[in-house]
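Here the protein sequences come in this chain order: C and R. Counting from 1 along the first sequence, just add 10 to a position and that's the residue number in this note's numbering. Counting from 1 along the second sequence, just add 350 to a position and that's the residue number in this note's numbering. Working notes, structure below.
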Amino acid sequence: MVRETTIDRTQGLHPILIALAAWIVPGAGHLWGGQRGKGLVFLVVLPLMFAVGLALEGRLFPFELSQPLVALAAIADVGIGAPYLAGKALSLGGGTVTAVTYEYGNTFLIVAGLLNLLVVCDAWDLVTGRK
Amino acid sequence: MHSHFLLLIVFAFFVSTVFATLMRDDIAQQIRFGAVLFGGFVVGAVVFGWLMFPIPL
Chain C
11 MVRETTIDRT QGLHPILIAL AAWIVPGAGH LWGGQRGKGL VFLVVLPLMF
61 AVGLALEGRL FPFELSQPLV ALAAIADVGI GAPYLAGKAL SLGGGTVTAV
111 TYEYGNTFLI VAGLLNLLVV CDAWDLVTGR K
Chain R
351 MHSHFLLLIV FAFFVSTVFA TLMRDDIAQQ IRFGAVLFGG FVVGAVVFGW
401 LMFPIPL
C-alpha cells in the first residue's frame with residue numbers, strides 16, 4: 011500500500027483554506043495534512059499555554075493604533091485563533107495590572123499566539139510542498 | 351503560581367516542545383532537541399541571573 015502524502019491528502023484544497031484552519035484551531039493544518047502526532051501536540055500545548063497566560067491574569071490587548079506596542083501585542087494575541095475569540099467572548103483576559111504575575115501572563119499569551127503563527131507557516135509549507 | 355523559577359520552567363517547557371515538534375520529524379530527535387532547548391532556556395536564565403547579580407537595582 012502506498013502511503014498517502016500531505017500533498018495527496020490536501021490536493022484540491024486551497025492552501026489559504028488550510029492556513030485559515032491552522033490559525034483558528036492550533037494544529038488543525040498538520041492534522042489535515044496527515045501529520046497527526048505534530049497536530050495533536052500543537053492542539054494540546056498551544057491552547058494550554060494560552061490558558062496558563064489567562065490564569066496568570068495576563069491581558070488580551072485591544073487594537074489601539076494610537077499605542078503601537080499595544081496594537082502589536084494584540085496582533086500576537088490574535089495569532090492563537092479560536093482560544094483568543096473564546097477568551098474575548100467570555101470576557102476573559104481583562105488583565106490585572108497589580109497582579110505579580112501580570113507580565114508573565116502577557117508573555118505566555120503573546121508567545122502562544124506567535125508560536126501558532128509559526129505553526130501556520132509550517133502548515134503552509136507542508137501543503138505547498140516546500141517542506 | 352508566584353514562583354519566578356517555576357514560571358520560567360513552565361514557559362521553557364511549552365516553547366521547547368513546540369519548537370522541537372516543528373523542527374524535527376523523528377520522535378527520538380524531537381525529544382533530544384526539545385531537551386537541549388529546555389536545558390538551554392533554564393541554564394541560560396540562571397547564568398544571566400547570576401551575571402546581573404552585581405548590577406544594582
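By construction, the Cβ of each residue, glycine as well, lies at the ideal position given by its N, Cα and C atoms. The model shown is predicted, which means the values in this text are computed figures rather than measured ones.
Straight-line measurement puts the Cα of C/Y112 at about 35 angstroms from the Cα of C/L27.
From the listed residues R/A395, R/D375, R/L401, R/P406, the smallest Cα separation to R/L358 is found for R/A395. Restricted to the segment 99-126 of chain C, not a single beta strand (DSSP E) segment is unbroken, complete and at least 3 residues in length.
In this structure, R/V392 keeps its C-beta atom at 7 angstroms or more from the C-beta atom of C/L125. For C/R69, DSSP records a beta bridge to C/G104. In this structure C/A109 does not touch C/G43 by the C-beta definition: roughly 40 angstroms separates them, more than the 8 angstroms allowed. Annotated three-state conformation of C/K48 is helix, per DSSP. In summary, no residue of the segment 381-394 of chain R has a CB separated from any CB of chain C by less than 7 angstroms. When DSSP states are grouped into helix, strand and coil, R/S353 belongs to the coil group. Taking the beta carbon of C/K48 as reference, the chain R residues within 7 angstroms of it are T371, listed in sequence order. Close to chain R, meaning a Cβ-Cβ distance shorter than 9 angstroms, is no residue of the segment 20-35 of chain C at all.
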